[in-house]
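Chemist:
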Amino acid sequence: MNDISNTIVIQASDNVDLTAICSQIESNNPSILNANVIINLNFYTDLNNKNLKIFLPIFKNFKKNNKSIVLVCEHVDFNIISDKFPIVPTLQEAYDVIEMEAIERDLGI
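Residue numbers for the sequence shown follow our numbering, so the first one is 453 and each next one is one higher.
So this is what it looks like as structure tokens:
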């Protein structure tokens with residue numbers, strides 16, 4: 453099963469805070485809730501575990517609904533970011549994560 457076709461990319465701009473992005477996702481918009489989501493946060497240069505915590509409930513909801521959500525940010529120190537946060541440096545890697553998670557779900561992993 454290829455879940456890539458059912459993926460929404462949210463392009464965050466430099467003047468939108470993380471809370472607004474979370475509110476957009478949590479708005480119960482069926483198109484978002486029934487899709488995989490990639491959030492491009494490349495405008496953010498100060499992402500860390502503390503400010504990413506706002507996404508934890510969203511990550512759990514997506515996982516519960518057998519969907520993936522991945523953050524993209526090339527300006528992050530991946531050595532200090534917790535493994536709880538699905539964050540990658542490029543958009544292509546985000547698509548790869550979604551595809552891998554879909555395969556894992558299909559295999560029951």
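Note that the Cβ used here is the ideal one computed from N, Cα and C, for glycine as well. Just so it is clear, the structure is predicted and the values come from calculations on it, not from any experiment.
#1: What is the rounded straight-line gap between the Cα of Ile473 and the Cα of Phe507?
#2: Beta-carbon within less than 7 angstroms of Val528's beta-carbon, same chain only, minus the 5 sequence neighbours each way: which residues are those?
#3: Is it the case that the Cβ atoms of Leu543 and Val522 are separated by a distance below 7 angstroms?
#4: Using the C-alpha atoms, what's the distance from Asn501 back to Thr459?
#5: In or out: Ile555 buried (at least 16 other Cβ within 10 Å) or exposed?
#6: Buried or exposed for Ser534, please, with buried defined as at least 16 other CB atoms from any protein chain shown within 10 angstroms of its CB.
#7: I'd like the span of the alpha helix (DSSP H) that includes Ile555, first residue to last.
#8: Give me the Cα-Cα distance between Asn454 and Gly560, rounded to the nearest whole angstrom.
Modeler: Let me spell this out:
#1: 9 angstroms
#2: Leu499, Ile539
#3: no
#4: 25 angstroms
#5: exposed
#6: exposed
#7: 543-559
#8: Caution applies to Asn454, whose pLDDT of 42 falls short of 50 and renders its modelled position unreliable; the value that the coordinates give is listed next. Cα to Cα, the separation comes out at about 16 angstroms.
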